[in-house]
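What the sequence shown shows, in the working numbering, is residues 1 to 79, in sequence order.
Virtual Cβ for every residue (Gly too), placed ideally from N, Cα, C.
Everything on this sheet refers to the single structure shown next.
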Amino acid sequence: MWLTARGKPVLFTKHAVQAMACERPPIEVDEVLRALDEPEQDGALAGARKRSGRRVVIVRYEEHEDHIHVKTVSATRSL
């Protein structure tokens, strides 16, 4: 099964997977894919941001012609 966003396969670094698991509650893969597909903010340095419940998921990535490479994922609490 390929994970896709923006019509491209999405590859996760080991660091990104570990960071997703360390968040409380852990960040789910579908939250990351939603942040990439439907970002509320998207910038080269800031990454893609998307509100998910009471937090904002931040995805730092590189987009290539044939794939998206997710470098790291984090979340902040929102009010």
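Assigned secondary structure, residue i (DSSP; H/G/I helix, E/B strand, else coil)
i	result
A46	coil
L3	coil
E65	coil
R54	coil
P9	strand
Cβ neighbour criterion (16 or more within 10 Å) applied to residue i
i	result
L36	buried
L45	exposed
E38	exposed
Closest by C-alpha distance to residue i, when choosing among the options
i	options	result
R54	W2, R6, T4 and R24	R24
E28	V57, A48, R6 and L11	V57
R34	R77, S74, H67 and R6	R6
T72	H15, K8, Q41 and P9	H15
The beta strand (DSSP E) enclosing residue i, as first and last residue numbers
i	result
H69	I68 to R77
Boundaries (first-last residue) of the alpha helix (DSSP H) holding residue i
i	result
E31	V29 to D37
H15	K14 to C22
Backbone CA spacing between residue i and residue j [nearest angstrom]
i	j	result
K50	E65	23 angstroms
W2	A21	20 angstroms
H69	E62	5 angstroms
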